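To start, the structure under review is shown below, and the notes come after it.
Number of protein chains: 4
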Amino acid sequence: MTDEPLTVGVLGYRFMGRAHANAMARLPMFFPDAPEVERHTLVGRDEEALAEAADRLGFTHTATDWADAIEAVDVFYNLGPNHVHVEPSVAALEAGVPVLCEKPLAPTLEGAERMRDAAADAGVPAGCAFNYRFVPALQHARNLIADGELGEIRQVRGRYLQDWLVDPEAPWAWRMDADLAGSGALGDLGAHSIDLAGFLVGDRVGEIDHVSGHLETFVEERPVLDGEGDVEAYRDVTVDDAFSAQVAYESGAMGTFEASRFATGHKNDHTIEVHGSTGSLRFSLERLNELEVLREGDRGYETVLVTDESDPYVDHWWPPGHVLGWEHTFVHENYEFLSSVSTGTSFEPSFEQGYAVQRVMDAIQRSDERGEWVSL
Amino acid sequence: MTDEPLTVGVLGYRFMGRAHANAMARLPMFFPDAPEVERHTLVGRDEEALAEAADRLGFTHTATDWADAIEAVDVFYNLGPNHVHVEPSVAALEAGVPVLCEKPLAPTLEGAERMRDAAADAGVPAGCAFNYRFVPALQHARNLIADGELGEIRQVRGRYLQDWLVDPEAPWAWRMDADLAGSGALGDLGAHSIDLAGFLVGDRVGEIDHVSGHLETFVEERPVLDGEGDVEAYRDVTVDDAFSAQVAYESGAMGTFEASRFATGHKNDHTIEVHGSTGSLRFSLERLNELEVLREGDRGYETVLVTDESDPYVDHWWPPGHVLGWEHTFVHENYEFLSSVSTGTSFEPSFEQGYAVQRVMDAIQRSDERGEWVSL
Amino acid sequence: MTDEPLTVGVLGYRFMGRAHANAMARLPMFFPDAPEVERHTLVGRDEEALAEAADRLGFTHTATDWADAIEAVDVFYNLGPNHVHVEPSVAALEAGVPVLCEKPLAPTLEGAERMRDAAADAGVPAGCAFNYRFVPALQHARNLIADGELGEIRQVRGRYLQDWLVDPEAPWAWRMDADLAGSGALGDLGAHSIDLAGFLVGDRVGEIDHVSGHLETFVEERPVLDGEGDVEAYRDVTVDDAFSAQVAYESGAMGTFEASRFATGHKNDHTIEVHGSTGSLRFSLERLNELEVLREGDRGYETVLVTDESDPYVDHWWPPGHVLGWEHTFVHENYEFLSSVSTGTSFEPSFEQGYAVQRVMDAIQRSDERGEWVSL
Amino acid sequence: MTDEPLTVGVLGYRFMGRAHANAMARLPMFFPDAPEVERHTLVGRDEEALAEAADRLGFTHTATDWADAIEAVDVFYNLGPNHVHVEPSVAALEAGVPVLCEKPLAPTLEGAERMRDAAADAGVPAGCAFNYRFVPALQHARNLIADGELGEIRQVRGRYLQDWLVDPEAPWAWRMDADLAGSGALGDLGAHSIDLAGFLVGDRVGEIDHVSGHLETFVEERPVLDGEGDVEAYRDVTVDDAFSAQVAYESGAMGTFEASRFATGHKNDHTIEVHGSTGSLRFSLERLNELEVLREGDRGYETVLVTDESDPYVDHWWPPGHVLGWEHTFVHENYEFLSSVSTGTSFEPSFEQGYAVQRVMDAIQRSDERGEWVSL
């Protein structure tokens, strides 16, 4: 740990680029013990847009080649589309540069394996940015489960519903292409649920032992728009619009997962539910300050507003009842990741854990293709 | 249709016996156009308990042999445990006596097939008592879907959670035995969800084409209690404590089903959710007067209290906002069934439909055993 | 207590007549220790409608003069409009006939006083039918408060919202006339809240010491319809469409009450909330099986489904999670009242308590007229 | 409008100081058209704590005398306790420096009047920081009401519940002293509700015409702690722990308001409800991304997640369903206020509006003292 600020290079300046840039910008005021950070190099292809983004997001440099950025910085954030996760991340790790990569880790299991191996060899923090682990209510949930408040875990249920593709004329995008994205609702949304379930109950139920998956594509092709917004062609949708999965954990616990981009009326509805022998809990991302908890002796779920000073991360923010938003998960995640980089300690969720999620997703896809359960 | 009251014989005088006896008793005041009914013969084995029950439930006769009852009555209600569904129901139908049988139709697919065939041959009403079809909110839901308010149906989700077996020392009962019950949570709870999904969206999505199932037994044996309530032995649990299933409908729509007797804190939590291309809806049995509906142009679910005069069956009861209970579903069901008997018209849910549910359950069980999807 | 059934005479055969007739009809099956009851004489003015109602509601006799009914029966139910509460109830009591009278006790404080005095002189049960006291969840709430689970009671909040008058062309009815009804939303709805608050916390906070009231009439006149449904005239609305009140209890606790017939979208939304020094609770009539409770050490409200065998009255009905409806409150109320009659014990809510509510309502009206707080 | 950044001086560096400093810090990334701002001078008394806060909150200078700050800056934020609202704000305005002052405007009506007059004379933006006007869901609500979606407004209900004083041994603070704070729950919480009601429905119902108030202090004295946290004395609580009020608007619409610091289990539960002749709406601060709306033709409230691109301010942030937090209201408020300063346009809520709220609060207090309605 030196007195120099950590220089961070970031690939990607759209949605995730803004979320992480904002997170870094907020650390000094709310997490004064976080390492000092310089938003150093922003990486993208369109120079004009890139310059504008760098200015707005507070980066001092830009680069159109990620390799240049990796050379120039202490830490590399890979926030690009899935198909650019592997090469830059591996290159950074091979150069000894810690990496925080957005989820899912890679479009293919092979890619994820390369990333995991590179992380293992590099010995620097390599994080897969499952940001929902950093929701205070979910860290509180994990603590309750770890403390045995729910007893023996029997059932887990993850569900992530969105509706942005419900219109059959919604335009084609890289997220609908198997080569670029790997999968659809499964990798984009389901990855979160699978990781979160592991985070919450993994210590109690062990690994997923075998899975059964079901993927569907409801709209087979979508318009590609030209510069004027007119349809210039139709392109195949080669990923799932929705998926479901059943899983058996090593302990005998059961799980079900489901995600959809066609759940009309649901914008960002990620719910997770856990039943144990002495208690249960429920969480919904659209009410992310709340956790519903039922413990031994309770007759119903208690709706807990997880905004007390004693709740995870909350003492950094506002008094009880002054709710946090979605973006705060990124602040917490950046705080933990950058602290790990600064102190040389390990960070979770790691590439290893990102790879574990990828294995499950891969098994779900194979199960769907084969029409049978697949063991992991 | 004659002026004589219909005489009804009822096998079973516990939970379901009371629910149906109460339903019949309430018809004259609230459904004055229902056929007149005499609660005629109550059937059971324990003569003392039977006599007491007959007195309380308003039956004029008792019988310890169901065959005697069938001879004596116009209509036969089979409300016994699953393993006594087949013989008496078939015998009644062969005698030309209409039958209302509790769900699931039979412990085995073969038994259900016999019942279905007997019903087809008899040509009298033969109903499988899926009472949740008679919740006003769910009939309203079905109407909305039939009217196209939700557009093309894409996803269905049924979940039935209870927790009465969460204590590993909860005593053994016939519902935990494969020979007597056929299955556990699947047949007891899942049957309701599968039938209800068909009722709501079947016209839109067609039959279930193939299924994948997952059954688990969390507690392998349970105490058998003697007369003093002391444990005299332990007996194997040979049915599922919980199940999940994925289904593909003919139309390409997806479904997931789940039920549990181990969902700590959930007493009778039967939920069903449907997503279509232009709308969605949600229902929970524990709030059975409410339906959450989202239609084209809506931004969120509307919580509708389905207690208006124009809602199904509600004009028979109380003014808007004066909520109904669980038992009212039985009144509506008895009204429809007895009216069918009286007028000689067909009744739904029929044995044919009960058999269809049984086929799905059988496929779920076989899928679980084989570790592969099973086609229907 | 004799072996003869209690004969009951009932004035009124519409909404309340049906609710109480149904309640009496259900006692034998669910409350076998209730006294045997004969629905004896139904009283009304329109002979044809009366005969039809008597047939449907199971009465063996009819009378067009309530005095005849009182002579003929053991028990008298006064379920007529408010302006016929006083004379028949007083006459019955003077004849030594127990009375159950619908709420509010009378249209005026003077009338209520006469009824209270007649009840005191008669020495037979005289009940004011505040049926919400018999909701299992509310009896459970009262028990929690009595057991000190909420500590020292600080604040009470009652609110009863309906919307059946929101249309300015909704026709005139007796409930809108000061002479016939006494008051509007105040007496029809507010009376329930005021009584319920007393039932729940009265032992803890004492009587209401002084009140401040606010009454408004939003639509000043309404159409009177002729037989064809055409408007034949307009008649003044002389009662409140909505009211609010602030109250101070003897203990220093505060209360607020509010009711409306103009709360668009609310059908029968009666809520009550209590805050104590160590806990809080909330109840809504539209979800009458639920109670939200927060106790010492809890971080949020626990949503309790009050349908366990150990909950008030529930062991008479169905297993946990099988919800009751609005009408069950009348069964419980009739059970208690008729048992009191049969055993000669006192019944609550009594005329004395109905009078106490009337005093509060009268003070609220006077406060509104005078523009000042009124002491009780 | 010049190219120089606006220099801002801020009095107060605790809760509100952090909220506004954070808001200013976030403008460049999310509101690029906001004027450039320099967090210039932070004002406080304790030099050590002040220096530390200035460093953390990003201020370049400090001052222990607010007069010095006012001389040095372009804009003055008065975020101190209520009793230091008047003098510095008036001084700034007299110096032609725009002021944003926290609510309530002043501890007394006289103080508020002075501030209002100074603002009127100064002709520069003078804002009273009722931040809840800047919740997207509430701006959406206001738009719906302004567009007539709720018809004629009949009833308004505001309620602000907290529980931080429920422990009688919670230590004394300036917020419990009449001289320093003016009032208790009324000024701290009720001011928000009264202003918000005016913001939402004021154009429709006019001003508040007369009010009736009720204030209570449940715990009469509280411990003053010394440096070690030991009780060194007890000091009187001279403000209300809770209040309620009834109001009549010019149009004949009714309102009720209530706030408490003793509502056990409620952390920051600010709810507002409006009923109109064709619709209703509800809002709760603890779920600040949601608005419940019922419009003509709806049967129930629609739960709208107000996070679409077309919702107020939301296009500056994240995609639909990615929820905002409490602090975002300050960003929006600062954006609007600083834009007004920069462009010389007027800002709302103004000192004039803060004064109007103060008049209502003053009338509520006088009503409580006199035991009668008070006209405004």
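Residue numbers (the working numbering), protein chains in the order written: chain X, 1181 to 1556; chain R, 1181 to 1556; chain D, 1181 to 1556; chain A, 1181 to 1556. Every residue, glycine too, gets a C-beta built ideally from N, C-alpha and C. Please read these numbers as outputs of a predicted model, since none were measured by experiment.
Quick one: grab the DSSP three-state call for residue i.
i: Leu1186(R); result: strand
i: His1450(X); result: strand
i: Asp1416(D); result: strand
i: Pro1316(D); result: helix
i: Gln1538(A); result: helix
i: Leu1360(X); result: helix
i: Arg1337(D); result: strand
i: Phe1256(R); result: strand
i: Phe1437(R); result: strand
i: Ala1286(A); result: coil
i: Glu1489(A); result: coil
For residue i and chain R, any beta-carbon pair shorter than 9 Å?
i: His1320(X); result: no
i: Leu1465(X); result: no
i: Leu1345(A); result: no
i: His1372(D); result: no
i: Leu1280(D); result: no
i: Asn1396(X); result: In the sequence on display, residue 1396(X) carries Glu and not Asn. Yes, its Cβ sits closer than 9 Å to a Cβ of chain R.
Straight-line CA distance for residue i to residue j?
i: Glu1400(A); j: Val1417(A); result: 5 Å
i: Phe1510(X); j: Val1537(R); result: 47 Å
i: Val1391(D); j: Glu1293(D); result: 20 Å
i: Ala1512(X); j: Asn1311(A); result: Note on identity: in this sequence residue 1512(X) is His, with Ala being the wrong assignment. Going by the C-alpha atoms only, they are around 25 Å apart.
i: Ala1298(R); j: Trp1506(X); result: 59 Å
i: Val1270(X); j: Asp1491(A); result: 41 Å
i: Gly1393(R); j: Gly1370(R); result: 12 Å
i: Phe1531(D); j: Arg1313(R); result: 44 Å
i: Thr1221(X); j: Leu1259(X); result: 13 Å
i: Glu1476(D); j: Gly1386(R); result: 53 Å
i: Asp1245(A); j: Gly1224(A); result: 7 Å
i: Gly1445(R); j: Asp1478(X); result: 8 Å
Does any CB atom of chain A fall closer than 9 Å to the CB of residue i?
i: Asp1449(X); result: yes
i: Arg1384(D); result: no
i: Arg1337(D); result: yes
i: Gln1533(D); result: no
Any C-beta of chain X sitting closer than 9 Å to the C-beta of residue i?
i: Phe1310(R); result: no
i: Gly1456(R); result: yes
i: Leu1237(A); result: yes
Looking only at its own chain, which residues have a Cβ that is under 8 Å from the Cβ of residue i, when we skip the five neighbours before and after it?
i: Ser1582(R); result: With chain R covering 1181 to 1556 only, the question about residue 1582(R) has no answer from this structure.
Counting only the same chain and skipping the five closest in sequence on each side, list residues whose C-beta sits under 7 Å from that of residue i.
i: Arg1415(D); result: Trp1352, Glu1401, Arg1402, Val1404
With a CB to CB cut of under 6 Å and the five nearest residues on each side skipped, what residues in its chain are close to residue i?
i: Leu1440(R); result: First, the amino acid is wrong: residue 1440(R) is Ser here, not Leu. Closer than 6 Å at Cβ, skipping near neighbours: Leu1341, Ala1365, Ala1422.
i: Gly1534(X); result: Leu1285, Cys1308
Measuring only between beta-carbons, confirm whether residue i sits less than 9 Å from chain D.
i: His1512(R); result: no
Short-range partners of chain R found in the region 1473-1488 of chain A, where Cβ spacing is below 9 Å: Only those residues of the region 1473-1488 of chain A whose C-beta falls short of 9 Å from the nearest C-beta of chain R are listed: Val1473, Leu1474, Asp1478, Arg1479, Gly1480, Tyr1481, Glu1482, Thr1483, Val1484, Leu1485, Val1486, Asp1488.
For the region 1194-1222 of chain A, list every residue whose C-beta sits within 9 Å of some C-beta in chain X, in sequence order. Here the close residues are Phe1195, Arg1198, Ala1199, Ala1201, Asn1202, Ala1205, Arg1206, Pro1208, Met1209, Phe1210, Pro1212.
Contact residues within the region 1493-1505 of chain D, judged by C-beta distance below 9 Å to chain R: Answer set for the region 1493-1505 of chain D: Trp1497, Trp1498, Pro1499, Pro1500, Gly1501, His1502, Val1503, Leu1504, Gly1505.
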